[in-house]
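**Q** Please see the structure below; I have some questions.
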Amino acid sequence: MSTTAIRTQRAVPRIRRHGSPSVVLWIELAVSIVVILLPSFVGSAYMMRLLQDVAIWSILALSLTLVLGYTGQISLGQAAFYAVGAYASVILQTRLGVPAPLAWVGAVVLGMGLAYVISVPLLRIHGHFLALGTLALGLIVETLLVQLAPLTGGHDGIRIPGVQYLGDWVQLRFPYIVLGVLVLAYWLVRNLTQRSVGRSLFAVRDDPAGAAALGIPVARYKTLVFMIGGGLAATAGVLYAHHTQVVTPDSFGFDTSIQVLLIVIIGGMASRVGAIVGAVVVVFFPEWLVFLEKSENLVFGLVVLAILLFLPGGIVGGIRSLIDAVTRRRSASEKGAAS
Amino acid sequence: MSTFLQLAVSGIALGSIYGLIALGFLVIYHATGLVNFAQGQLLMAGAMTTYLLLMKAGLGYPLAIVGVVVVALVLAVVFRYGLHRPMVKRGAPTTNVVVATIAFGLVLTAAAELFIGNTKYGVDPLFPGAPVAIGDISIQTQSLVIVIVAWALVAAIWLFFTKTLTGLSLRAVGLNRNAAAVSGVRVSRLITIAFVISVIVTVLGGMLVAPLIGAGPEMGLSIAVKGFAAAVIGGMSSVYRGMVAGVVIGLIEMLSSYYVSSAYAPVIAYAILFIALVLMPARVRQSGATA
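Residue numbers (the working numbering), protein chains in the order written: chain W, 1 to 339; chain D, 340 to 630.
Structure below.
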C-alpha cells in the first residue's frame with residue numbers, strides 16, 4: 001500500500017434517511033418558506049445585520065461543502081471567487097454604469113468563468129496538493145486586490161451606496177433577497193447532490209479510478225462542481241458587497257477562506273444543513289460570548305480541533321448519530337417487547 | 340553589479356530558510372503522506388520563542404537555543420500524540436487530518452496573538468556588530484549564520500537518512516509501511532521521530548530568520564507558501580533538492596522585487612507555487628515516497 005495514496009471519506013453519509021423522503025421534502029419546503037420570511041419577524045437592525053451575515057456565510061459554506069464534502073477536494077481559495085463576485089458587481093455598477101441585475105449576473109458568470117479557467121490546470125493537481133494550489137490562487141487574488149489600485153481602489157476599496165444604486169424600494173427589501181438566494185442555493189446543492197449526480201460525486205470522492213471505470217466522467221464532474229462552487233461563492237460576494245455597501249481587500253483574504261473551512265467543519269462536512277448550522281455558530285457565538293474578547297480566535301481553533309478529533313461529522317453529524325442511536329434502541333426494545 | 344550581488348546574498352539567506360521549511364515539510368510527507376499546513380506557524384512559534392527568551396527574558400543565545408529546542412519537542416509531541424496519532428487511530432480520512440494541521444496552525448497563531456500581541460518584534464542577531472565587507476558588498480553576519488546553519492542541518496539530515504539505521508528504517512516506512520512493519524520496523528515510533536525532526540528543523544528555521552525579518556504572529560503564511568513551493572519544485576523527493584529550490588525561490592524573490600516590482604514580487608512567488616504544482620510530474624503526484 002502506498003502511503004501517499006489519497007484516502008478520502010469512507011462512509012457515504014446520506015444512504016439511510018430519517019423518515020420517508022416525502023416527509024423530509026415537506027419539512028425542507030416549510031423551513032425554506034419560513035427562512036425567506038424571517039426578515040419580517042426581525043425587529044432590530046442589529047439582528048437583521050446578523051441574519052444577513054449568517055445567510056452570506058452559509059452560501060459561501062455551501063460552495064465549499066460542495067467542493068470539499070462531495071468531491072473531497074480541499075479548497076483554500078474560496079475567498080478568491082467571493083472577491084471576484086463582490087468586486088465585479090461593484091466595479092460593473094459604479095465604474096461602468098451597468099444596471100444592478102445585469103451586473104450581478106455578470107459577476108456570478110465571471111466567478112464561474114474563473115473557476116472554469118482555474119479548474120483546467122487545477123485538475124492536474126491531485127489530492128491534497130490541490131489545497132496548496134487553491135491557497136496560491138487565493139493569495140494571488142488577495143495581493144492583486146491591493147495592488148491593482150486604479151481598478152479596485154487599493155486598501156480603501158470601493159463604496160457602493162445602496163440607495164443610489166438599488167433604489168429605496170429594493171434597498172429596504174434587500175434582506176429578503178439575501179435569504180431568498182440562500183434558499184435557492186440550498187435547493188441547488190440539494191438537487192445536485194441527491195440525484196444520481198450526487199452518488200456519482202461520492203464515487204468520484206471515494207475512488208476516482210473506480211468511478212472512471214464505471215463510466216462516470218470524473219474530470220467533467222470535478223470541473224462542474226468546482227464551477228458551481230465558484231459561482232455560489234461569487235453570488236455570496238455580490239450579496240456581501242450590497243450588504244456592507246463597501247468592498248475592501250480585508251474581507252477577501254486567506255482568513256476568509258479559512259473561516260469558511262471552519263464553518264464547514266463545525267457544521268459537518270458533506271452536509272448542506274451543516275453549512276448553515278456552522279454559519280449560525282460562527283456568526284452568533286462571538287456576539288454571545290463577548291467575554292472571550294481577544295481569546296475568541298484561540299477558543300474557536302481549539303473547538304475546531306476538538307470537533308475534528310471527537311466529532312468528525314460536525315454538529316449535524318453528531319446529531320444524526322444521536323438520532324440513529326435513539327431510534328435503534330427504540331426499535332430494538334420494540335422487537336424485544338414483541339418477542 | 341554590487342547591487343545584484345547584495346540582493347543575491349539576501350536571496351540566498353532567505354532562500355535557505357525556505358529550504359528548511361521544505362525540508363520539514365518533506366520529512367513528514369515521506370513518513371506519512373501527510374501535507375502539513377502548520378509549517379509556517381511552527382516557524383512562527385520558533386521565532387516568537389526566540390524573541391521571548393532572548394529579548395523579553397534576557398537570556399543569552401546558548402540558553403535560548405536550548406529553550407527553542409525544548410519548545411520544538413513539546414510542539415512535536417503535542418502535534419503527534421495529541422492530534423495526528425489519535426486521528427489516524429480513529430480511522431479519520433486524510434482530508435480531515437490535513438484540515439487538522441490547518442487548525443493546529445490557527446491555534447498557534449491565535450495563541451501567539453493573544454499572549455504577545457499582533458505586531459512585529461525585532462530580535463538581536465547571533466553575532467552583533469557591523470556587517471562583514473567583501474569588496475563592494477557588505478553582508479550581515481546573520482545572513483552568513485543562516486546559510487551555514489541551514490546547510491549544516493540539511494547535511495545532517497541527509498546523513499541521517501542515508502547512513503543511520505533509524506533513517507533508513509524511516510525511508511522504508513515511507514516507501515511501504517506494511518512491508519516495513521513486517522520487517523520489524525517500529526512504524527509508529529519512527530513516525531514520531533519524523534515529526535520531531537520536522538518540527539525541530541522548522542522551529543530552528545524560525546529562530547534563524549527572526550533577526551533578519553523580525554518575529555510576529557502572522558509571519559508564518561508567506562514564508563510557508565514559498566517553502567511549499569521549494570518542496571514541490573525540488574520534486575517532493577530529496578532533501579537537498581528542496582533546499583536548492585528554496586535558494587532559487589529566494590533569489591527570484593529578491594531580484595524580482597528590485598528589478599521588476601516590489602508590489603508584485605509576492606504574486607510572482609505564489610505563481611511559482613501554482614505553476615510548479617501544475618507541472619508536477621504524475622509520478623510524484625501519485626506516490627511521492629521515494630526518499
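A virtual CB, placed ideally from N, CA and C, is assigned to each residue, including glycine.
Based on DSSP bridge pairs, tell me the residues matched to A472/D.
**A** S477/D
**Q** Return the bridge partner residues of R159/W from the DSSP annotation.
**A** V246/W
**Q** So if DSSP puts A554/D in a beta bridge, which residue, or which two residues, is it bridged to?
**A** Y460/D
**Q** Considering R516/D, what are the terminal residues of the alpha helix (DSSP H) in which it resides?
**A** 516-521
**Q** Just the Cα atoms here: how many angstroms apart are F284/W and L50/W?
**A** 8 angstroms
**Q** Taking beta-carbon pairs under 7 angstroms, can you tell me which members of the segment 587-606 of chain D lie near chain W?
**A** A602, Y603, P605, V606
**Q** Shortest alpha-carbon distance to I228/W belongs to which of A86/W, F300/W, V109/W, L302/W?
**A** V109/W
**Q** Please confirm whether F567/D and Q378/D have their CB atoms less than 9 angstroms apart.
**A** yes
**Q** Are the C-beta atoms of I441/D and some chain W residue less than 9 angstroms apart?
**A** Interface with chain W (9 angstroms Cβ-Cβ cutoff): I441/D is included.
**Q** Against T541/D, what residues of chain W qualify as contacts under a CB-to-CB distance less than 7 angstroms, listed in chain order?
**A** Near T541/D there are no residues of chain W at all, since even the closest Cβ is about 17 angstroms away, more than 7 angstroms.
**Q** Using the Cα positions of I367/D and N375/D, report the straight-line distance between them to the nearest angstrom.
**A** 7 angstroms
**Q** Quick one: which residues of the segment 234-257 of chain W get their C-beta closer than 8 angstroms to a C-beta of chain D? List them in chain order.
**A** When CB distances to chain D are screened at a threshold of 8 angstroms, the residues of the segment 234-257 of chain W falling below it are F254, in chain order.
**Q** Mind checking which residues open and close the alpha helix (DSSP H) that includes P217/W?
**A** Careful: P217/W lies outside any alpha helix (DSSP H) and carries neither H nor E.
**Q** Alpha carbon to alpha carbon, how far is G358/D from L64/W? Give it in angstroms, no decimals.
**A** 32 angstroms
**Q** A332/W CB to nearest chain D CB: under 9 angstroms?
**A** no
**Q** Taking Cβ positions only, does R124/W come closer than 9 angstroms to chain D?
**A** yes
**Q** Check whether the Cβ atoms of L382/D and G545/D lie closer than 9 angstroms to each other.
**A** Result yes, Cβ atoms of L382/D and G545/D sit closer than 9 angstroms.
**Q** Out of T134/W, L29/W, L305/W, L62/W, which has the shortest C-alpha to C-alpha gap to S75/W?
**A** T134/W
**Q** Which same chain residues end up closer than 6 angstroms to I611/D when comparing Cβ atoms and leaving out the 5 residues on each side of it in sequence?
**A** A568
**Q** Can you grab the Cα-Cα spacing for the pair I478/D / M593/D, in whole Å?
**A** 15 angstroms
**Q** For W341/W, count neighbouring Cβ atoms within 10 angstroms of its own Cβ and tell me buried if that reaches 16, exposed if not.
**A** Here chain W comprises residues numbered 1 to 339, so residue 341/W is not present and cannot be evaluated.
**Q** With a threshold of 9 angstroms between beta carbons, is R624/D in contact with chain W?
**A** Note that R624/D has pLDDT 43, beneath the 50 cutoff, so the model's placement of it is unreliable and the number below is only indicative. Yes, its Cβ sits closer than 9 angstroms to a Cβ of chain W.
**Q** Consult DSSP for Y70/W and reduce its assignment to one of helix, strand or coil.
**A** Helix.
**Q** Hey, is M1/W's beta-carbon within less than 9 angstroms of any beta-carbon in chain D?
**A** Any reading at M1/W is ruled out, since the residue's pLDDT is 35, under 50, leaving its predicted position unreliable.
**Q** Curious, which full-length alpha helix (DSSP H) runs of at least 4 residues does the segment 266-309 of chain W contain?
**A** 272-288
**Q** Hey, would you say A439/D sits closer than 9 angstroms to A384/D, going by beta carbons?
**A** no
**Q** With a CB to CB cut of under 6 angstroms and the five nearest residues on each side skipped, what residues in its chain are close to A293/D?
**A** The shown model of chain D, from 340 to 630, leaves out residue 293/D, and the question about it has no answer.
**Q** With distances taken Cα to Cα, identify the nearest neighbour of G111/W among A131/W, Y82/W, I91/W.
**A** Y82/W
**Q** What does the alpha-carbon distance come out to for the pair A325/W and I319/W?
**A** 10 angstroms
**Q** With 8 angstroms as the C-beta to C-beta threshold (strictly closer), list the residues of the segment 420-433 of chain D near chain W in chain order.
**A** L422, P425, M426, R429, G430, A431, P432, T433
**Q** Would you say F418/D and F534/D are within 9 angstroms of each other, going by their C-beta atoms?
**A** Yes, they are a contact pair.
**Q** Would you tell me roughly how many angstroms separate the C-alpha atoms of L560/D and F252/W, rounded to the nearest one?
**A** 16 angstroms
**Q** Under the assumption that H128/W contacts T371/D (Cβ atoms under 8 angstroms), give the Cβ distance between them as a whole number of angstroms.
**A** The Cβ separation is near 12 angstroms, so there is no contact.
**Q** Could you tell me whether the segment 257-270 of chain W touches the segment 94-108 of chain W, using the rule of 3 or more Cβ pairs below 8 angstroms?
**A** no
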